[in-house]
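The structure appears below as structure tokens.
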């Protein structure tokens, strides 16, 4: 038997979502539960995939099945395609597994031609309606199928208005529409060199094909990338009998939600238009009426609609977003789906549904997209305020939130402004670790270069500060910055939306995030199901406290180098680097030791008995050195050296590929005295806090960038020696562990060896992605856009883990590591640790915890809970 | 039962090499076949490893077994340790599995103390001999065991000579030696704060321990790294009854080879000294006599020795290197091993041994170290000429051979000099692709920076030109170069030895390589056993012809970018890069097309029906751009742009990590028009040569740096489309294939997917090593020396493949690739392809061919043959 590619609505149900898309499956489900759905059929997503396998040709098998199903639809409706008595008209709509509103193509009123339109006029006794429908069909078909821009037809409409001296479509007569049809067809012929197709079946096949083609249009590809939708899913096509909301004043069309999508309030919410087609509601040429008014205008239809709403909510156990049409007082349901909602509404609805007994707590936990929680934790511009805002540029939505303030160009200026009580927006080509303090003081950060995992983006997310990064609209001219079309100076006001990536001129009022009481209740439900830990990446007591407030269960990553950039210590760090010998380095390190120790004490005091993973010095040393001659001179004076000496050392530390250079564990091998100092600081701080607070502190020492067991062994020996000396000298007991980051491909494939010496692995998936793919996040910007445009890549592997490749390396490491130590503790630190899809993947791979920036902790808790519910681990 | 760590010579045989080291096994074997060997025992390599496991403590079990075996040795010899009648004296010598001459420690005359020396004097009736032996023992023991420098004792000897007004050791009397012993012991006490140990057993245990310790001394670690010897092998210790060549004129000691190690001539070759200990032969204070003279002096001993030589050659089926001692006219054999020999001698001996019926052709093939062949293919300084040479610096022996000429500093100067018939040595900080032409014209290349796989090293090896790279003795001062202690100017003569890495002042005469008739015969034997192909990396017809002469069976890598640097085309390449749009790029590419096509035609004409693998454009584009302002101005003028335009574009192409940037397949995705041009050139050239020469040309198109199947698919579609158009238009038939380099870790773990679209894989182990380890070859120099010094790494992973890690990635790729396509063709191109150890590994992993620079082809052929013999593949 041949493969079945086409299903009547009556042949499927809601479980067919994968095969028939969300819309198709829901139409079938509504049909099944007896709602008034105009009948039709769905061409499956498999047909779409077949279309792409056949180099964008619709296969004969699919075309044949479409034809067979048109015959069946004719039987069901009693109408006939192209019939001159009782013609069947259909709509052709896309419908993927995930909702992708507006991304793909739609054709309405299909089946009309010069003869059928006459029949329609006669049957409906409404010539104006019939020709209006016909011209709409030509316009849509030409646009969607033949890619003749819609605007060309709008020009014709405008010409005709001018000729008739009218301003509103409503003033067109039936004769006007007849002429419009003729002019449209002429234009079509002229532009396309073929007459407009009159055979309804030909129209249908062309439309189905074009919907499949639209699966790969630019905006659909972009939408999929942003929303983690694989290209391989494909779209289905729904062919459905047309019903008309524009046949007269006993007709209407509208869109409604079963609950308020902004607030979550349990009350029907929506809009409709009398005597209109769906596109009119969207187009905004007429102002739609609120749903309440339908009650007065068409009470029967309204009452029936209310009943269907209740049926659908009870059936789907979720707030629904529906389209409907009333044709001659008869209500038709055209679509239903889970309604999009704000984060606050999502929380309220989930909790309400539990209270109403409609869903369980577990189902509530599954109902909210973890990414949505972000909006609850950051300020945002009010919708009112945004209406006056002028968008002057866009960039990457690197760190969510909203910020207004005055432009500053350096971290120093940020401090000057904020010292005076002003709000600063730091605008830079890119940020570097030296900017940390200025970044922390700014309201928001805007950079011209750098992706979602650039320094600016990572640090801003960690701090919970709004950031728009890598904006190609931003460029620097002398002491001004050009954003979009205009130049701005220091002190000018701009606003940033880190959730959308938009840059606005001037100040815009923002609203603080408000966490409702539902939030805590909901997160507690999530935690009940969660089976892996959630930690945070935090370098300061403040970040650590923020993360604990958000529910973090430990620190998975303290980046010790961030501490080195503060003003009082960068000088010591530089002296250490510029020392010619070990003695000189030790002298500087001795002065750094008490400072670093006190940093750790601050963190332990917040974390108390929770584990704290400290990563040893990671970046290449030249990152700490001054780049400006004035700073070099200052340093030379301080150290009693010449400027030339300093320049020579700086030049000597230059690396061709710093990402593949002298960093991470390699530093500890060349300069074990650094690891000694850090070990003393970690252990002494722990001993001090244990004594002071009478708690058991749990330091976990983490060696970065290990590729070979011998590297880990070398440093571990230093660490254990120093730590044991310190502990013995203190007379206290202290448990510490020594583990390693797994971020080098070689470490993954030799993880069985490395596990012999490691107490834990923490995956550094950011570096692992860089080395695994062989491209650096700083340089990939030069070509990844080409990759997305040409559909070579669908996802940014720095945002969501590349499961197939980098994920495979992680799997190999997990298997090999656990083959040596079955209970090896496994975690992830780094940016991927806050990405819900990545969390699901890593949970399934067997990790014990994830660690992410403080503001992502709630997201990670929810994502981890959902992963556990979907695939519970044996206890 | 306890583990056995100590074996009497009579308990083992030649097969115990792994456990007892080469020396120990051979002493046992000689004992077994009845040669006169002073008896003793061997402490095993396992005891050495145990010593290191126990943190450098000799275990009690080993010490106990040593004691038991001393008792056994006492029984065998009839002498007793510390006995005052008939004392047993022993030597303690290291002996690893592989010969490491002079790298580890030796103690002779052990067992002497203040009492025993009197007994020895009495027994031998030679007081002077006894005290001389005793003072030698103190000196050696202090040096080796207590690390008191030998020189301190030499100072005492010199003082005593001065006091006595004598100039020669021979003039010391017995009394003098007695006093010397006392002075040595005083010095020992003063330096070490303990008296010299008088208990023979205590002396023995300390000596055995110190030999184990010497396994990890700096020179042994270095020697192991250079010679691919794993630290895990450990050394054995041989304890052997002393026999004395210095008891009088009926005594002698010497070293001899069964054949001439320089020429291979079948004639006893060696030296001896009458009345001397072994160390005297080495020390060079007395001039040894040639072996022939022994015939006259001690005819019986000589005749017996000749007999033993024959026995040993017949037994070991190889040329032997032996040590012997004659004590009171009685001959003792102290050691035998396969003798080191020159490459020419190795060939002659192998072929002679086959002709003599002593070994089979297969055994002959196994007998030669493939690396030795290198010396046969390059010129070298004659030993005579070298005697006058002054070494002024050293660097890495990057490309073998010998060269003399005048210093030039730029490629342009190299051309000027050679145009005038002068010989040029190009001396540079480092080389870049722009220097290619000047490099090819130079006699030799010397660089201050860069390792064994730096640009200079790789290109020089490819061209067969002598190169010394990364010499820290070289630095630049204005228009002079400092080498070692002195500055040199343009035009000054220097000489380079690329085989040793030495730099000489002035001109030194060199001898051309001479390939004997044995070479071809021998290589043909090797080819009979070889089961994988050997191809070459060649970018020019000249290189290709050279490789074919050396037996290459195809080209595994044409680097197309090398062609882009020649003067007539670099301008076009730059125009292409600087074009603002596709049209501009296409214009430049159209002009490049016929040039590139003619390059390929030249190569096909040489290779004819042999396969030619062409790699598409690989390096980041900025490598092609000018760096000097004058060149930029010129380019700007040519293109009608401003200097600022050019500077901006060049700056825009800057990458933070070029190795992880916009290169390889990423270029073909951003600019598919480049792949189109290269496809046209590859295919048109093949079609033209097929027609012209009436042969079937076999182009293999290779896409570099693929990490994801979608990348390969994108480019393959371009290639197939263009290729098919060209082939169809020609009316000819042409078979081409499209494959990919596997050099990205992600490609290895997704090789099953990539194999779906690839006709072949060629491993780029150089890049795979960089990404797999996460360090670049250009930057690793900053820390790899620390790694070697601290024994973190033993081997340079860019020279010999890292089997455990990078090799594992290769294995994964092979398994996954073949799981999709069981007959997938697998090869390696790049530097590792010429390394014998790597070839063995890759053969065992299942590769079909290796590809290396032309001058390494014979090495690869031999290494591949040896791998096949050791582990034959099923046909």
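Residue numbers (our numbering), protein chains in the order written: chain E, 1319 to 2193; chain W, 1319 to 2193.
Backbone N, C-alpha and C fix where the C-beta goes; we use that ideal spot for every residue, glycine too.
Counted within 10 angstroms of its Cβ, other Cβ atoms place residue 1625/W as buried (16 or more) or exposed: Classification of residue 1625/W: exposed, given that the 10 Å Cβ count is below 16.
Alpha helix (DSSP H) segment containing residue 1922/W, residue limits: 1900-1925 is the span of the alpha helix (DSSP H), which, as asked, contains residue 1922/W.
Touching by the beta-carbon criterion (3+ pairs, under 8 Å), the stretch 1381-1399 of chain E and the stretch 1343-1358 of chain E: Remark: three or more beta-carbon pairs, one from each stretch, lie closer than 8 Å, so the stretch 1381-1399 of chain E and the stretch 1343-1358 of chain E are flagged as touching.
Stretch-stretch touch, CB-based, cutoff 8 Å, three pairs: the stretch 2167-2179 of chain W with the stretch 1679-1693 of chain W: Yes, they touch.
Environment of residue 1556/E [buried if 16+ CB atoms lie within 10 Å]: Under this definition residue 1556/E is a buried residue.
Under 8 Å by beta carbon: chain W residues contacting residue 2249/E: For residue 2249/E there is no data in the structure shown, the boundaries of chain E being 1319 and 2193.
Pairwise C-alpha distance: residue 1587/E and residue 1580/E: Using only the alpha carbons, I get a separation of about 10 Å.
Rounded Cβ spacing between residue 1715/E and residue 1874/E (contact assumed at less than 8 Å): Taking C-beta atoms under 8 Å as the contact rule, residue 1715/E and residue 1874/E fail to qualify, at a distance of about 24 Å.
Rounded separation between residue 2193/E and residue 2039/E - CA only: Cα-Cα distance, rounded: 37 Å.
Cβ pair count under 8 Å reaching 3, the stretch 1718-1733 of chain W against the stretch 1745-1756 of chain W: Enough Cβ pairs lie closer than 8 Å, so yes.
Within chain E, the residues that residue 2089/W reaches when beta carbons sit closer than 7 Å: In chain order: 2063, 2089, 2092.
Sufficient close CB pairs (3 or more, under 8 Å) joining the stretch 1447-1456 of chain W to the stretch 1358-1377 of chain W: Flag = no, the stretch 1447-1456 of chain W and the stretch 1358-1377 of chain W do not touch.
Backbone secondary structure at residue 1828/E - three-state DSSP: In this structure, residue 1828/E counts as strand in the three-state DSSP scheme.
Spatial distance of residue 1445/E from residue 1672/E (CA atoms): Roughly 52 Å separates the two Cα atoms.
Exposed unless 16 or more other CB atoms sit within 10 angstroms - verdict on residue 2165/W: Classification of residue 2165/W: buried, given that the 10 Å Cβ count is 16 or more.
Amino acids of chain W, ordered along the chain, whose beta-carbon sits closer than 7 Å to that of residue 2110/E: Correct list: 1987, 2028, 2029, 2032.
Unbroken beta strand (DSSP E) run spanning residue 1259/E, endpoints: Because chain E is modelled from 1319 through 2193, residue 1259/E falls outside the range shown and cannot be assessed.
7 Å CB neighbourhood of residue 1537/E in its chain, flanking five on each side removed: Hits under 7 Å: 1421.
Nearest-angstrom Cα separation, counted from residue 1547/E out to residue 2072/W: Per the coordinates, the alpha-carbon of residue 2072/W lies some 22 Å from the alpha-carbon of residue 1547/E.
Residues, ordered as in the chain, of the stretch 2149-2183 of chain E that lie near chain W by beta-carbon distance below 9 Å: Hits within the stretch: zero.
Contact the stretch 2074-2091 of chain W vs the stretch 2139-2152 of chain W: 3+ CB pairs below 8 Å: When Cβ pairs closer than 8 Å are counted between the two stretches, the stretch 2074-2091 of chain W is seen to touch the stretch 2139-2152 of chain W, the count reaching three or more.
Where residue 2096/E meets chain W, residues with beta-carbon distance less than 9 Å: What residue 2096/E touches in chain W: 1973, 1974, 1975, 1978, 1979.
Below-9 Å beta-carbon distance, residue 1984/E vs any chain W residue: At least one chain W Cβ lies under 9 Å of residue 1984/E.
Nearest residue (CA-CA) to residue 1962/E, options 1353/E, 1944/E, 1950/E: Of the listed residues, the one whose Cα sits closest to residue 1962/E is 1950/E.
Backbone CA spacing between residue 1473/W and residue 1596/W [nearest angstrom]: For residue 1473/W and residue 1596/W, the distance between alpha carbons rounds to 22 Å.
Residues near residue 1707/W by beta carbon distance below 6 Å, same chain, minus five either side: For residue 1707/W, where only same-chain residues beyond five positions count, the Cβ hits under 6 Å are 1822, 1826.
Whole-Å CB distance - residue 1890/E paired with residue 1909/E, under 8 Å assumed: Indeed they touch by this definition, with Cβ atoms about 5 Å apart.
Identity of the residue in 1334/W, 1515/W, 1841/W, 2098/W nearest residue 1457/W by Cα: Checked all of 1334/W, 1515/W, 1841/W, 2098/W; the closest Cα to residue 1457/W is 1515/W.
DSSP state of residue 2016/W mapped onto helix, strand, coil: Secondary structure at residue 2016/W: strand, using DSSP grouped into helix, strand and coil.
Host beta strand (DSSP E) of residue 1708/W (start-end): Segment 1708-1712, the beta strand (DSSP E) holding residue 1708/W.
Closer than 9 Å at the beta carbon, the chain W residues around residue 1662/E: Those do not exist, as residue 1662/E stays about 40 Å from chain W at its closest Cβ, beyond 9 Å.
Exposed unless 16 or more other CB atoms sit within 10 angstroms - verdict on residue 1824/W: Counting the other CB atoms within 10 Å of its CB gives residue 1824/W a total below 16, which places it among the exposed residues.
Beta-carbon spacing of residue 1645/W, residue 1563/W below 9 Å: Note that the C-beta distance between residue 1645/W and residue 1563/W is below 9 Å.
Coarse secondary structure for residue 1305/E, derived from DSSP in three states: The question about residue 1305/E has no answer, for chain E in this structure spans 1319 to 2193.
Residues, ordered as in the chain, of the stretch 1863-1883 of chain E that lie near chain W by beta-carbon distance below 8 Å: Considering only beta carbons, no part of the stretch 1863-1883 of chain E lies closer than 8 Å to chain W.
Burial state of residue 1411/W, where buried means 16 or more other Cβ atoms lie within 10 Å: Buried: at least 16 other Cβ atoms inside 10 Å.
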